[in-house]
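Heads up: the structure comes next, in structure tokens.
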Amino acid sequence: MSQYQAVKGTRDIFPEEAAQWKYVEGIVHSLASLYGFSEIRTPVFEYTELFQRGIGATTDIVGKEMFTFQPDPKGRSLTLRPEMTAGVMRAAIQKNLLSLAPVHKLYYISELFRKERPQAGRQRQFSQFGAELIGVSSPAAVAEVMTLMMQVFESLGLHGLKLRVNTLGDTADRLRYREALQGYFAPYHSVLDEASKERLEKNPLRILDSKNPAVQEIVAGAPKLYDYLHEVAVRDFEKVLFYLEERGIAYEIDHRLVRGLDYYCYTAFEVTSSELGAQDAIGGGGRYDGLARELGSSSEVPASGFAVGMERLLMTMEKQGLFAALNPHGPVVYVVVQSQELADNGLQVAYRLRKAGIMTDIDLAARSMKAQMREANRIRASYALFIGTTEVETGLYSLKNLVTSEQTTLSLEGVMEILREPAAKEFYKL
Ligand code: HAM
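Using my numbering, the first residue of the sequence shown is number 12, and each one after it goes up by one.
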């Protein structure tokens, strides 16, 4: 074994699994387009302040999970992106996108980094697909991103997922609620853990998110944000629920749902999978009207979006047997040479087939004919094309169908004709 292993919390994706990723990514790309979203790619690292301001200094992500580094002693601190929303909003403001059109619908499939303790479904490098609807916030907009997310799950054949929704109101609602929480938690001060004590001062809402069972017990009796909402927020939430119902999207209202990032207002949501164990959140999102201002934008940029963890999505699909029908095919034809003297003839034939658009493979390791045939079967080639002295002399080749074992003798043009025929082309998506 090599002395080097993949870093803890990271993993390699080999071809068989990569085919599953490509399949899921294909559905994401086509459904995102269907809903009018266009792809955005942003840098893997950003200035650290972007995340501190955007996600919130008292969140776990910013407090303990960021990979932060200083490129040079005088340089500004940089951080590997732990999520996409702050970077996408930064890009939108920087490019002044809203001056081009009032609404921008962007999606991504991207790698992210969080210094969490690795366990099943929790990695230090992971991927998300997500969408951000920037420039307008309304029940219709948040319902649109939720519907896109749920349609991706549905198209992939997933079942048994649970969508939980909540409303967090606006800033004024949360300020009133914050005071109520501080009042509620004050008598418990001595029993709260250190992190919660700190949060009590700076951001008591974060205490609701605590994973500590002792704190959770106290949280159970805490006042509910819903009771502090003003009329507009309540009606806004009802409209979101109306859209979900109209589209047949099942949901549960969970007034304890606060999410792990500070930028949310009004609707927030999360989807869990019972297939996943402790790390059961497969995706989440909500509305984040205040983020742009937090990032220094001179104007309001209302927005909403979601992100889904690709690894957790794929794990759930695997558990539900949804990759069984995915049968990655090998090359159309494997060129087999009878002896190594004919290797160059074989290479030239393979080149001509590939130029003709036919998926072709050939041995490059000077293996015996038997070993070449074994390889053709291992990689699930559909045909083997034999190159022997007679074939080279006459220009007529034996083409063997590896499924039916039928064999025919043909010129190279004849071979191309057969392998390019519409049915084969359709089958192999040539
Ligand atoms: P988040 O809830 O932090 O939201 O992450 C979304 C999803 O990413 C999670 O539900 C989970 O599936 C996956 N995930 C998070 N951390 C890890 C990890 N360490 N290993 C594996 N998967 C993980 C956001 O990131 C927001 N930016 C979502 C959003 C977009 N809100 C508005 N727009």
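Think of the CB as a built atom: it goes at the ideal place given N, C-alpha and C, for glycine as much as any other residue.
Just curious, the alpha helix (DSSP H) that residue i is in, first and last residue?
| i | result |
| --- | --- |
| K250 | E242 to E257 |
| L91 | That residue, L91, is in no alpha helix (DSSP H); its beta strand (DSSP E) goes L89 to L91. |
| V319 | No alpha helix (DSSP H) holds V319; the beta strand (DSSP E) holding it covers A314 to G320. |
| I398 | Taken as a continuous stretch (DSSP letters only), I398 belongs to no alpha helix (DSSP H), being part of the beta strand (DSSP E) at Y394 to I398. |
| A103 | T96 to Q105 |
| R304 | L302 to E305 |
| K331 | Before going on, a small fix: residue 331 reads as Gln here, not Lys. That residue, Q331, is in no alpha helix (DSSP H); it is neither H nor E in DSSP. |
| P84 | Here P84 belongs to no alpha helix (DSSP H), and DSSP marks it neither H nor E. |
| Q227 | P224 to V230 |
To the nearest angstrom, how far is the alpha carbon of residue i from that of residue j?
| i | j | result |
| --- | --- | --- |
| L441 | V403 | In this predicted model, L441 has a pLDDT of only 46, less than 50, meaning its place in the structure is not dependable; the value taken from the coordinates is given anyway. About 27 Å. |
| R391 | F164 | 30 Å |
| K411 | G368 | 19 Å |
| R323 | G132 | 6 Å |
| R260 | D374 | The question names Arg, but residue 260 is Ile in the sequence shown. Cα to Cα, the separation comes out at about 52 Å. |
| K213 | T69 | 7 Å |
| N177 | Y58 | 31 Å |
| L91 | Y299 | 22 Å |
| T419 | S409 | 6 Å |
| R185 | W32 | 40 Å |
| T415 | K19 | 46 Å |
| G294 | L159 | 12 Å |
| E76 | R125 | 5 Å |
| V360 | S138 | 41 Å |
| Y262 | K173 | 7 Å |
| F140 | I38 | 11 Å |
| A318 | Q16 | 29 Å |
| P26 | Y118 | 25 Å |
| L192 | E228 | 15 Å |
| S309 | G301 | 12 Å |
| A377 | S422 | 25 Å |
| L240 | L108 | 32 Å |
| V230 | L219 | 6 Å |
| H200 | I66 | 26 Å |
Just to confirm the assignment, what range does the beta strand (DSSP E) spanning residue i have?
| i | result |
| --- | --- |
| R298 | A292 to R298 |
| K116 | H115 to F124 |
| A279 | C276 to S284 |
| V347 | V344 to V348 |
Just grab the DSSP bridge partners of residue i for me.
| i | result |
| --- | --- |
| L421 | Y408 |
| I264 | V176 |
| Q130 | R133 |
For the candidate residues the options, whose alpha-carbon lies nearest to that of residue i?
| i | options | result |
| --- | --- | --- |
| Q331 | E352, R298, H241 and G168 | G168 |
| M161 | S379, R185, A43 and R128 | A43 |
| S379 | Y394, V347, M100 and Y362 | V347 |
| I120 | P129, V99 and V114 | V99 |
| A154 | E424, G297 and A29 | G297 |
| A142 | F48, V202 and P224 | F48 |
| S88 | F78, A97 and H200 | F78 |
| V156 | V35, G86 and R258 | R258 |
| T278 | D265, P113 and L287 | D265 |
| F248 | A152, L337 and A292 | A152 |
Extract the residue ranges of the alpha helix (DSSP H) inside the stretch 134-207, only unbroken runs of 4 or more that lie entirely within it. 150-166 and 182-196
Quick one: complete beta strand (DSSP E) runs, 3+ long, within the stretch 354-390? 371-373
Residue ranges of each alpha helix (DSSP H) run of no fewer than 4 residues wholly in the stretch 39-71, ordered along the chain? 59-66
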